[in-house]
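Asker: When the letters of the sequence shown are read in order and numbered with our numbering, they come out as residues 271 to 529.
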Amino acid sequence: MDRRSFLGSLGLRTVGIGATGLATMGGKALPGAVRKPPYYQLDQYLLRNGSQVGRIHEFLKGSMKFFSGPRIILDGLVAPHMPQVVVIQGHSSIGEFLDSEAKRKQNADYRAALTAWEAGDEAPYESFSTSLLEATPYSPGIGESSKSPRIFELRTYHSPTIRQLAALHERFSGPEIRIFHRVGVHPILYTSTIIGSDRPNLTYLIPFDSLDAREKAWTAFGADPEWIKVRKESIDRSGQISSVIRIALYKATDYSPVR
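1. Span of the beta strand (DSSP E) holding G346?
2. Can you say whether V348 is buried or exposed, counting buried as having 16 or more other CB atoms within 10 angstroms of its CB?
3. What are the complete beta strand (DSSP E) segments, minimum 3 residues, inside the stretch 378-445?
4. Please state whether DSSP places I511 in a helix, a strand or coil.
5. According to DSSP, is R374 part of a helix, a strand, or is it coil?
6. For V500, which of helix, strand or coil comes out of DSSP?
7. Where does the unbroken alpha helix (DSSP H) through H327 begin, and where does it stop?
8. Which residues in the same chain as K486 place their Cβ atom closer than 8 Å to its Cβ, once the five residues preceding and following it in sequence are excluded?
9. CA-CA distance, S512 and P410?
10. In whole angstroms, what is the alpha-carbon distance linking N471 and M334?
11. Using the three-state DSSP reduction, which class does F367 fall into: helix, strand or coil?
12. Looking at L344 and Y474, is the spacing between their C-beta atoms short of 8 Å?
13. Do you know offhand how far G413's Cα is from R452's?
14. For my contact list, Q359 and L316 are in at a C-beta cut-off of 8 Å; report their separation, rounded to the angstrom.
15. Judging by CA-CA distance, which residue of I449, D391, L459 is the nearest neighbour of A405?
16. So, at 7 Å on beta carbons, what are the nonlocal neighbours of W497 in its own chain, with the 5 sequence-adjacent residues on each side left out?
17. In chain order, what residues of the same chain lie with their CB nearer than 6 Å to the CB of R516, ignoring the 5 residues before and after it?
18. Would you be able to state if there are at least three C-beta pairs under 8 Å between the stretch 438-445 and the stretch 384-396?
19. Check for me: the alpha helix (DSSP H) holding D482 runs from which residue to which?
20. Tell me which residues share the same chain as S351 and place their Cβ nearer than 7 Å to its Cβ, disregarding the 5 neighbours each side in the sequence.
21. Taking 8 Å as the threshold (C-beta atoms), are S480 and Q434 in contact?
Here's what the structure looks like:
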C-alpha cells in the first residue's frame, strides 16, 4: 500500500478536523499564532515500577541527538496508569511522521541504542501507543523552556460527532481562549487527533507553575460568569459538544528540550 492509499484508509483526506479543516469550519487563527510544525506525534509508554522506568529514560535521553524539532518528554504525576512517560514530537508533514523512525533506524548508533533498551529479561514497557495530532489554526507553538520547572496538564475532549467537534473548536478559538488567559490558563498546544483513539477529539496541553496555580486557575474558570454564559449558549446551539474528558498531569523530565 502506498502512502496516499494508507492515508486514505485512515480517513485523513475526508475528516478534515485539523488545521486545514478548521479553515472551512469557521475556526480563526489567533494573531501571531505559530502554524509550524502543523503535526505532533504523541507517544505514550505505560510502564511497571522497577527497571522499566530507568531504562526508558536512559534510552530517551541518549537518543536526543537523533531528533529535531520541538519535543517534550513528560513523566506521569497523576494519570489512569502509573508510571507512564509521554513524548510529544513536532513534525513538518504527515510524510515526515511516517518516515522518521525508519530513517533513524538507518543510523547504526540509533539501532544500537534501541537494541540496548530492548535487551534483558524484562520487557522495556508494558505497552505503548502512538497518536498523530494536527495543530489547530488557533494553536500557538509549544515555545521554549521555562526557567523554573512546570506542571503539564494534558486534556482530551471527545465529541459525539465531527459536527460537534467543529463547534467545540469554534468555541475554543473565540471566547474560551480569552477567558482562559484571563484566569491564568495558557495552553501551548491545541490539536485534533487524526490517527489514534477516541476520535473525534480535541487534545490540548497546558503548563502551570505549580499544582496550586493550576487549582486556582481552574476554580476561577469554572466560576467565571462569561464562561457560564458561553457554555450554555454552545449547548443550546450544538448540544453537549464534549461528552468525555480525560485529564492527566505530568512533569517534564530534566532532559526534555521543553520543560
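Even glycine gets a Cβ: it sits at the ideal position worked out from N, Cα and C.
Answerer: Concretely, from the data shown:
1. 341-348
2. exposed
3. 397-405, 421-428
4. Coil.
5. Here R374 sits in helix by DSSP.
6. helix
7. 321-332
8. Excluding sequence neighbours, K486 sits near G454.
9. Their backbone Cα atoms lie some 22 Å apart in a straight line.
10. 30 Å
11. helix
12. no
13. 20 Å
14. With 8 Å as the limit, Q359 and L316 do not qualify as a contact, their Cβ atoms being about 18 Å apart.
15. L459
16. I449, F491
17. T426
18. Note that the stretch 384-396 does not touch the stretch 438-445; fewer than 3 beta-carbon pairs, one per stretch, sit closer than 8 Å.
19. 481-493
20. With the sequence shown as reference, residue 351 is identified as His, and Ser is not the correct amino acid for it. Once the five neighbours on either side are set aside, the close Cβ partners of H351 are L316.
21. no
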